[in-house]
């Protein structure tokens with residue numbers, strides 16, 4: 001096995017594949033990265049058995065040669081040192097060679113690394129998903145679906161199903177929903193000509209977070225395939241496979257109040273910065289709680305009180321404030337998380353009393369919904 | 001006590017003074033920052049009893065008004081929350097007020113923080129150094145003296161004196177020396193008209209590291225005053241006081257070999273990058289050791305061997321290589337630390353055999369000296 005590759009190409013692929021490789025794994029060979037060399041190109045593979053990632057570097061693409069002097073073969077290389085080695089090599093090209101004794105040589109300029117490899121035959125084969133029914137959406141849309149929901153998954157293993165994001169495809173609508181039972185984030189997008197429907201697909205939040213780091217912010221399509229226990233995201237040169245979570249995702253639609261008693265419209269950044277300041281004194285406390293009180297003349301007051309330290313209060317002028325007077329307490333962190341993912345200038349917030357969950361949506365976009373359960377204060 | 005201050009000015013001063021404030025201190029009031037308000041300006045003070053820092057903001061400077069509406073007085077404010085509050089306030093100015101009950105109010109725009117303050121009378125008085133004999137050097141020179149030596153102090157408390165930098169002023173020469181007994185870094189600069197001499201001043205490495213973060217990279221002078229147990233660095237608006245370490249600093253001049261058997265001249269970056277690569281496989285081992293071997297034709301070979309992982313070798317062409325053949329092993333980390341602080345293109349390295357310390361100096365500057373004790377390998 002031998003090839004000479006453009007170092008920049010190799011760095012990018014190695015970085016992507018490393019996101020699936022853990023140094024703590026029960027299967028020793030999974031601490032390694034598989035390099036598979038074919039005349040048409042190089043495939044790098046990593047897996048921690050939850051996530052598996054393949055990155056492909058074609059030998060030639062659009063007339064540009066990425067890989068040369070190819071002798072076919074495969075090897076597994078220790079992933080711990082490989083990214084640093086590749087990143088710090090002196091020249092623009094890297095030669096990688098493996099001999100029949102599994103000795104790997106990496107050369108660039110005058111630098112030569114000799115590493116002990118492992119037999120690629122021992123690396124687990126990734127399942128190839130055989131489903132004809134796939135869904136295709138632009139990469140940047142997928143990234144925003146992930147970003148606007150994944151932060152709300154539970155980090156507690158007490159209800160494992162809530163550590164995932166529920167992905168549904170129904171009535172030509174793709175929706176992502178996450179909740180840790182104290183808050184909920186959901187976003188939906190229309191999909192044209194979807195040939196399939198599914199409703200109980202739950203992808204671990206960690207998988208989607210890693211996927212989001214790898215995907216470039218382009219309009220190029222991502223193909224999504226789903227089976228009983230796995231989901232595949234595939235772009236031109238990337239193959240990202242994640243296991244699904246077992247169990248039934250709870251029905252969340254009934255959590256969302258249908259009526260509201262107090263409605264306000266406010267500039268997103270004004271509210272975000274005010275809540276950020278109000279949370280400063282309560283930062284270290286478990287329930288970083290702030291209080292929102294409606295005042296007359298389209299004014300809200302945001303306050304927070306930490307008896308040992310002090311008190312903070314700030315008024316925010318809103319664009320519109322209608323309905324019942326309200327005094328409600330909630331987690332500043334949840335509110336900041338929700339407001340930060342909303343890329344719109346203005347939001348609408350709908351309350352149904354101090355003890356009921358409230359809803360935040362962009363004023364001009366009903367497809368995003370953030371729900372927060374208030375905190376009882378006495 | 002009351003004043004209105006430009007927020008940017010306050011942020012900068014608070015950041016500087018915070019470097020002396022520790023949340024873990026035996027004296028509770030030292031978790032606070034003292035604010036002293038006079039008609040001519042505001043002084044902020046912090047101290048962890050090792051280091052004390054005062055930052056002064058004049059009410060007016062060069063026709064620009066920094067502080068207004070001044071009512072004199074003093075208060076101690078909880079330092080833990082103060083920097084974040086100041087940084088996140090909405091407006092360009094901040095109003096700070098303390099009432100006789102030690103309640104502090106911070107206002108900016110519509111935001112208002114009410115904090116519990118402490119009595120400024122309870123804050124320890126900083127000793128005012130009364131020495132007429134001071135030394136003045138440009139700030140950027142002081143910064144480079146610190147940067148080129150402080151990394152070599154010992155981090156072990158077994159010989160506390162070695163955790164400091166030895167500062168000497170003799171024969172119109174100011175010198176900084178640090179050693180952890182495995183390596184030594186020293187730098188000297190000529191000083192004009194020094195009225196004082198001292199040789200056993202040892203400043204904690206941590207103090208100099210913090211000082212270096214605060215000092216701006218300018219040619220403005222720093223005044224240095226020394227007493228038996230303290231050293232003061234003073235710029236126009238900054239007063240930085242550190243305790244000195246007790247004990248006698250070891251005589252280091254006899255460590256430095258006077259003769260050499262192998263001398264080489266090499267490009268600093270070439271050697272730095274080669275050693276960086278050679279150290280990659282040994283990164284996790286305690287003695288990240290690399291081996292340097294002289295070859296013919298002005299070539300060095302740098303190698304490193306980690307039996308479990310693999311081997312790395314790289315040749316470096318030097319500018320000149322004279323004297324005995326050599327094969328020597330040393331800590332890659334020490335070599336990288338030394339080479340990184342040398343701001344010159346080329347270095348001269350003088351060896352006196354594989355078991356003796358060797359010296360690295362810039363080819364064109366004898367005032368910087370880095371010494372490394374080799375590692376015995378069998």
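Chains as they are written, first to last, in the UniProt record's numbering: chain L, 1 to 378; chain V, 1 to 378.
Beta carbons are placed, not taken as given, at the ideal position from N, Cα and C, and that holds for glycine.
- Task: Taking only beta-carbon positions, decide if residue 273 of chain L is within less than 8 angstroms of chain V.
- Result: yes
- By DSSP, does residue 299 of chain V sit in helix, in strand, or in coil? strand
- Query: Can you list the residues of chain V that residue 116 of chain L reaches, using a CB-CB cut of under 8 angstroms?
  - Reply: 308, 309 and 310
- Secondary structure at residue 294 of chain L, three-state DSSP: helix, strand or coil? strand
- Can you give the Cα-Cα distance for residue 330 of chain L and residue 116 of chain V, rounded to whole angstroms? 24 angstroms
- Query: According to DSSP, which residues form a beta bridge with residue 36 of chain V?
  - Reply: V:43 and V:74
- Query: So, does the CB of residue 113 of chain L fall closer than 8 angstroms to a CB anywhere in chain C?
  - Reply: The chain inventory of the structure shown lacks chain C, comprising the protein chains L and V.
- Message: So if I threshold CB-CB distances at 8 angstroms, which residues from the region 10 to 36 of chain V count as touching chain L?
- Response: none
- Exposed unless 16 or more other CB atoms sit within 10 angstroms - verdict on residue 193 of chain V: exposed
- Task: Check distances from the C-beta atoms of the region 73 to 89 of chain V to those of chain L and list, in chain order, the residues that come in under 9 angstroms.
- Result: 78, 80, 81, 84, 85, 88 and 89
- Message: Using C-beta distances below 8 angstroms, list every residue in its chain close to residue 377 of chain L, excluding the 5 sequence neighbours before and after it, in chain order.
- Response: 289, 291 and 329
- Task: Please confirm if the region 308 to 321 of chain L is in contact with the region 100 to 120 of chain V, defined as three or more CB-CB distances below 8 angstroms between the two stretches.
- Result: yes
- Query: Would a C-beta distance cut-off of 8 angstroms place residue 80 of chain L and residue 31 of chain L closer than the cut-off?
  - Reply: yes
- Query: What residues from chain L crowd round residue 295 of chain V, counting only those whose CB sits closer than 8 angstroms?
  - Reply: Ordered by position in chain L, no residue passes the 8 angstroms Cβ test against residue 295 of chain V, which lies about 12 angstroms from the chain.
- Task: List the endpoints of the continuous beta strand (DSSP E) containing residue 307 of chain L.
- Result: No beta strand (DSSP E) holds residue 307 of chain L; DSSP gives it neither H nor E.
- Message: How far does the alpha helix (DSSP H) with residue 11 of chain V in it extend, from its first residue to its last?
- Response: 7 to 18
- Which residues bound the alpha helix (DSSP H) around residue 334 of chain V? 332 to 341
- Query: Mind checking if residue 369 of chain V is an interface residue toward chain L, Cβ cutoff 8 angstroms exclusive?
  - Reply: no
- Message: Restricting to Cα atoms, I'd like to know which of L:11, L:94, L:140 and L:149 is closest to residue 340 of chain L.
- Response: L:149
- Message: For residue 8 of chain V, which residues in the same chain have their Cβ closer than 8 angstroms to its Cβ, ignoring the five residues on either side in sequence?
- Response: 92
- Query: How is residue 216 of chain V classed by DSSP in three states: helix, strand or coil?
  - Reply: coil
- Does the region 215 to 222 of chain L come within contact of the region 290 to 306 of chain L, defined as at least 3 CB pairs closer than 8 angstroms? no
- Message: Could you give the first and the last residue of the continuous beta strand (DSSP E) run that contains residue 103 of chain L?
- Response: 103 to 108
- Item | alpha helix (DSSP H) segment containing residue 140 of chain V, residue limits | 139 to 147
- How far does the beta strand (DSSP E) with residue 233 of chain V in it reach, from first residue to last? 230 to 234
- Hey, how far is the Cα of residue 133 of chain L from the Cα of residue 195 of chain L? 7 angstroms
- Query: Got a sec, what are the start and stop residues for the beta strand (DSSP E) residue 168 of chain L sits in?
  - Reply: 164 to 170
- Query: If we cut at 8 angstroms on Cβ distances, does residue 276 of chain V have a partner in chain L?
  - Reply: yes
- Task: Under 7 angstroms Cβ to Cβ from residue 164 of chain L, same chain only, skipping five residues before and after it: list those, please.
- Result: 153, 202, 203, 204, 205 and 245
- Find the nearest neighbour of residue 368 of chain L within the set L:343, L:126 and L:275, judged by alpha-carbon distance. L:343
- Query: Which first and last residues belong to the beta strand (DSSP E) in which residue 57 of chain V is found?
  - Reply: 51 to 58
- Task: Quickly, what does DSSP pair residue 267 of chain V with across the bridge? List them, please.
- Result: V:346
- Task: Helix, strand or coil for residue 90 of chain L, going by three-state DSSP, please let me know.
- Result: coil
- In chain order, what residues of the same chain lie with their CB nearer than 7 angstroms to the CB of residue 350 of chain V, ignoring the 5 residues before and after it? 260, 263, 358 and 359
- Query: In the region 91 to 110 of chain L, which residues sit with their C-beta less than 7 angstroms from some C-beta in chain V, listed in chain order?
  - Reply: 110
- Query: Taking the alpha-carbon positions, what's the residue 208 of chain V to residue 155 of chain V distance?
  - Reply: 14 angstroms
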